Amino acid sequence: MALSKKPEGFLSRNGKPKLRILLSALLVVVALVNVFSEQLAVSFNFESFWSFRKAPKKNVIFFVTDGMGPASLSLSRSFRQYTQDLPIDDVLTLDDHFIGSSRTRSSDSLITDSAAGATAFSCGLKSYNGAIGVDSDKNPCGTLLEGAKLQGYLTGLVVTTRITDATPAAFSAHADYRFQEDLIALHQLGEYPLGRSVDLMLGGGRTNFYPPDADSKYGSHGSRADGRNLIKEAQEDGWQYAGSREEFDQLQNGHNVSLPLLGLFADNDIPFDIDRKDDEYPSLEEEAMTAINALTKATEDSDKGFFLMIEGSRIDHAGHQNDPAAQAREVLAFDRAFKAVIEYVENSDTETIIISTSDHETGGLTIGRQVTPQYPEYIWFPRILEQANHSGEYLTSKFLAFKDSASKKDERSFVKEELFEKGLSIKDYTEDDVDAIISAPDSGRIKDKLNDMVSFRAEIGWTTHGHSAVDVNIYAYANKESTWKTLLHKLQGNHENTEIGQFMADFLEIDFAEVTEKVRDTKHSPKAADVSAQSDLHDEYYHKLN
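Quick note on full-length UniProt numbering: the sequence shown kicks off at 1 and runs consecutively.
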């Protein structure tokens, strides 16, 4: 077979390429490269290219349902279905985002308190009951909020209890004991090695920010022992301050905010939702969306987002007081806030994760109670909770205020008419019930009696005024599919509470050890006299009445 001829044109007679042709081709290539390079320099935005290569902008919104256990969800879901005449498949927003459960023990007890529970989230480690942002050896531990701030994120805390209470404190302060609320307030405003780490705080708790002798415009129950007026100092340092419902409304749902923002809407805790007056106090939903809108606006031109902790704080207090009517409404108020935030994140272009869980369960709530010798009696009555118009806490305060200037006869009439009939819608009370209120040795026993009158009739049981060791639920959402898959991989199923904190740290690329090194010199220990003066029973159940 004859071989085909070699192509001619590019080869010389001796088979080598023609030099002239190759040189010409090379010159053409060089010219084209020069032209292309000039066009590339004009049209290609290298800054945009490198910004594209940077880590994506992120937000973390962490919800804490303080004291809410699985039974609290069952109670509140059925209560809502009954009171709003909803079908049995109508569930809470939380229910649609359930992914797992969390184990809650602290380093020194199988039953945690809120301080150790929050420190597990904020520092990603186990500590002792009462610990605020310190490890089990009482050394300050770097927190998620501090780590986020060091990386350029904006940060916020939203609560319905005191802003210096255990959960918000564990993210923003370092103290050996939770009772050090005067010190916690200083840390939150930036008086510690890191300077100001919190950009926004909304909640109650004015009392620890000003002294008893301060001008009445700050409040009427100041308790700072050092005589300092931190509200005044904060304003002088550039903080925007809102101390009333009117001033909260002026924030325009977060669209009229200048960070840093301090909003303290009660001297102590914001009232239970069952008692809260809309024209006096903002709801948790209003606080949450004001914070989110403010932080969103403040980060719109930044490549960093924000870290925000939102707590349904007083679910826990209702559990401590064994008040089912208050707790059902606290859970529903939280669910409304959670729903509003979910809807915001669904429409956000910024990669965002939402995680919600509890630090512990409170009260040992059981939905079902043996109140008669007959067995079985498989029922409970949401109607009794619906008919209660106020919490036991509110009615106790009302009675004590009346009792100071009333006769014994007037007291009995007041208890019957104002507490039992109007307050709780209970008509089948006895004279012994009245006697129990009038002869109660302290406010706690009055609350216990009032709340048990509701629980007994609704056939709801409680095992403790403290916390329990029951596992608590984890809920989550992410608006980016790959992030959602990672979140499920890490947190679906049953986990230690510390794993939740570590996941958020990993998501924001926070190194807890590096942050801890920066806060190790923080003043965190109280004087011995301050410790000895504290009651062993210092906990949420013993908070002051408004």
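All residues carry an ideal CB built from backbone N, CA and C; glycine is no exception. Predicted model only: the values in this text are computed from it and were never measured.
Run through DSSP, which three-state label would residue i get?
i, result
"Met-504", "helix"
"His-495", "strand"
"Asp-530", "helix"
"Arg-103", "strand"
"Ser-443", "helix"
"Leu-94", "helix"
"Val-64", "strand"
"Tyr-241", "strand"
"Ile-292", "helix"
"Glu-311", "strand"
"Thr-522", "coil"
"Ile-132", "strand"
"Thr-516", "helix"
"Pro-324", "helix"
"Leu-264", "strand"
"Asn-451", "helix"
"Gly-156", "strand"
"Phe-306", "strand"
"Lys-297", "helix"
"Ser-43", "Here the model assigns Ser-43 a pLDDT of 46, short of 50, so the residue's position is not dependable and the matter cannot be decided."
Since residue i and residue j should fall inside the 8 Å C-beta cutoff, what is the C-beta to C-beta distance between them, to a whole number of angstroms?
i, j, result
"Arg-80", "Leu-332", "6 Å"
"Ala-458", "Ile-353", "Incorrect: roughly 37 Å between the Cβ atoms, too far for contact."
"Leu-145", "Gly-205", "17 Å between Cβ atoms; not a contact."
"Leu-365", "Leu-125", "That belief does not hold up - the Cβ atoms of Leu-365 and Leu-125 are roughly 29 Å apart, past 8 Å."
"Asp-359", "Arg-103", "In fact, because the Cβ distance is near 12 Å, the residues do not count as touching under 8 Å."
"Ala-469", "Leu-73", "Contact flag wrong, Cβ pair sits at about 18 Å."
"Ala-242", "Glu-285", "That pair is no contact at about 17 Å."
"His-320", "Thr-362", "6 Å"
"Ala-325", "Leu-385", "4 Å"
"Phe-512", "Gly-147", "7 Å"
"Glu-481", "Leu-491", "Actually they do not touch by this definition, with Cβ atoms about 16 Å apart."
"Arg-369", "Gly-461", "4 Å"
"Leu-94", "Tyr-475", "5 Å"
"Ile-355", "Phe-334", "About 14 Å; that fails the 8 Å criterion."
"Thr-522", "Tyr-192", "5 Å"
"Ala-120", "Asn-497", "4 Å"
"Val-519", "Gly-142", "6 Å"
Would you mind reading off the limits of the beta strand (DSSP E) that contains residue i?
i, result
"Ile-437", "Premise fails: Ile-437 lies in the alpha helix (DSSP H), 431-438, not in any beta strand (DSSP E)."
"Leu-424", "Taken as a continuous stretch (DSSP letters only), Leu-424 belongs to no beta strand (DSSP E), as it is neither H nor E."
"Leu-86", "Counting along the chain, Leu-86 falls outside any beta strand (DSSP E), and DSSP gives it neither H nor E."
Got a sec, what are the start and stop residues for the alpha helix (DSSP H) residue i sits in?
i, result
"Ile-117", "Per the sequence presented here, residue 117 reads as Gly, with Ile not at that position. Element bounds for Gly-117: 114-123."
"Leu-144", "144-150"
"Leu-251", "Run containing Leu-251: none; DSSP gives neither H nor E here."
"Leu-75", "70-83"
"Leu-230", "230-236"
Does at least one heavy atom of the ligand FMN sit under 7 Å from the Cβ of residue i?
i, result
"Arg-245", "Within the structure as shown, the ligand FMN is missing, as the structure has no ligands at all."
Below 8 Å, can you find three or more Cβ-Cβ pairs linking the segment 227-235 to the segment 201-210?
-> yes
May I ask you to verify whether the segment 129-139 touches the segment 266-280, counting CB pairs closer than 8 Å and requiring at least 3?
-> no
Can you list the alpha helix (DSSP H) stretches of 4 or more residues lying completely in the segment 460-495, in chain order?
-> 481-491
At 3 residues or longer, and completely inside the segment 158-218: list those beta strand (DSSP E) runs for me, N to C.
-> 200-204
The segment 376-383 contacting the segment 499-513, beta-carbon criterion three pairs below 8 Å = no
At 3 residues or longer, and completely inside the segment 338-420: list those beta strand (DSSP E) runs for me, N to C.
-> Uninterrupted beta strand (DSSP E) stretches at least 3 residues long and entirely within the segment 338-420 occur at 351-357, given in chain order.
Say whether the segment 411-429 touches the segment 279-289, bearing in mind that this needs 3 or more beta-carbon pairs closer than 8 Å, one atom from each stretch.
-> Short answer: they don't touch.
Below 8 Å, can you find three or more Cβ-Cβ pairs linking the segment 182-197 to the segment 156-174?
-> The segment 182-197, when compared against the segment 156-174, does touch it at the 8 Å Cβ threshold.
For the segment 441-459 against the segment 380-400, are there 3 or more C-beta pairs whose distance is under 8 Å?
-> The segment 441-459 is in contact with the segment 380-400.
Three CB pairs or more closer than 8 Å across the segment 154-162 and the segment 189-204 = yes
Kindly confirm or deny that the segment 290-304 and the segment 248-255 touch, where touching means at least three C-beta pairs closer than 8 Å.
-> yes
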